[in-house]
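Here is the structure we will look at.
So this is what it looks like as structure tokens:
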């Protein structure tokens, strides 16, 4: 998939840690088409110390990890975007002094939403997920998170009404209505998501101290308005920068630096 923040943050992180990185695009590899993922994983494992894979199908990440002898990091898949949420957690920690706040995700039950659900379940967070009913998160991920929450103490709630969902929220998070690969659904989705637009009126339902987050790229005028994303409560640029710091920590952990 195309990438700005993921690719730049990982490449800069590697250099700042004293390493080197290089990029292989779909033209060079043809993952699963020109060459089997199993073969790619086994060959790369003999030449590199780590692999960051950004792909449409989450199964590609699992297969790469299955056959690789070096760490494989999910740089984004259709099911999860864990690296994004690591940077997001760092941002909430910085801005709010901890993670014990009410977080509201409003928009599509997509890969970023799934990773927020997983993070909340593991870390014991309070998360309200607000989507149109037909675009709820995947049931298997939701059920896993509810089971995990029994041990972690997390409170993960679904709320269809965005006004109720945002009440007293300290962190308000949104993302695009049609993720990459679903652009042909954009017009149809817009009809369902219009009430979920994060604008100045809806934001008033949240805490006056709430911060606004968006993983970017943002479709201004759709899921979020210019007034909100450029407003005083927005932390999206700090959030984007924190991808670099989170990625450095991830590389240092996996590569034992």
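Numbering (our numbering), first residue to last: -6 to 250. All C-beta atoms in this analysis are idealised placements derived from N, C-alpha and C, irrespective of residue type, glycine included.
- Message: Please give me, in chain order, every unbroken run of the alpha helix (DSSP H) with length at least 4 that falls completely inside the stretch 85 to 134.
- Response: The stretch 85 to 134 contains these whole alpha helix (DSSP H) runs: 104 to 116.
- Secondary structure of residue 51, DSSP reduced to three states: Residue 51: helix per DSSP, three-state reduction.
- Would you mind reading off the limits of the beta strand (DSSP E) that contains residue 205? According to the DSSP assignment, residue 205 belongs to the beta strand (DSSP E) that extends over 204 to 207.
- Task: Let me know if residue 39 comes out buried or exposed under the rule of 16 or more other beta-carbons within 10 Å of its beta-carbon.
- Result: Exposed.
- Measuring alpha carbon to alpha carbon, tell me which of 137, 124, 79 and 44 ends up nearest residue 184. The shortest C-alpha separation from residue 184 is found at 124.
- In whole angstroms, what is the alpha-carbon distance linking residue 113 and residue 75? Each residue's Cα considered, the two are about 12 angstroms apart.
- Grab the span of the alpha helix (DSSP H) containing residue 65 for me, first residue to last. Premise fails: residue 65 lies in the beta strand (DSSP E), 65 to 69, not in any alpha helix (DSSP H).
- Task: Please determine, among 94, 136, 103 and 133, the residue with the shortest C-alpha to C-alpha distance to residue 118.
- Result: Among 94, 136, 103 and 133, the Cα nearest to that of residue 118 is on 94.
- Item | Option nearest residue 91 by Cα separation, candidates 13, 9 and 163 | Checked all of 13, 9 and 163; the closest Cα to residue 91 is 163.
- Quick one: is residue 17 buried, meaning 16 or more other Cβ sit within 10 Å of its Cβ, or exposed? Under this definition residue 17 is an exposed residue.
- Message: If contact is defined by three or more beta carbon pairs under 8 angstroms, each pair taking one atom from either stretch, is the stretch 125 to 139 in contact with the stretch 172 to 180?
- Response: The stretch 172 to 180, when compared against the stretch 125 to 139, does not touch it at the 8 angstroms Cβ threshold.
- Which of helix, strand or coil DSSP assigns to residue 181: Reduced to three states, the DSSP call for residue 181 is helix.
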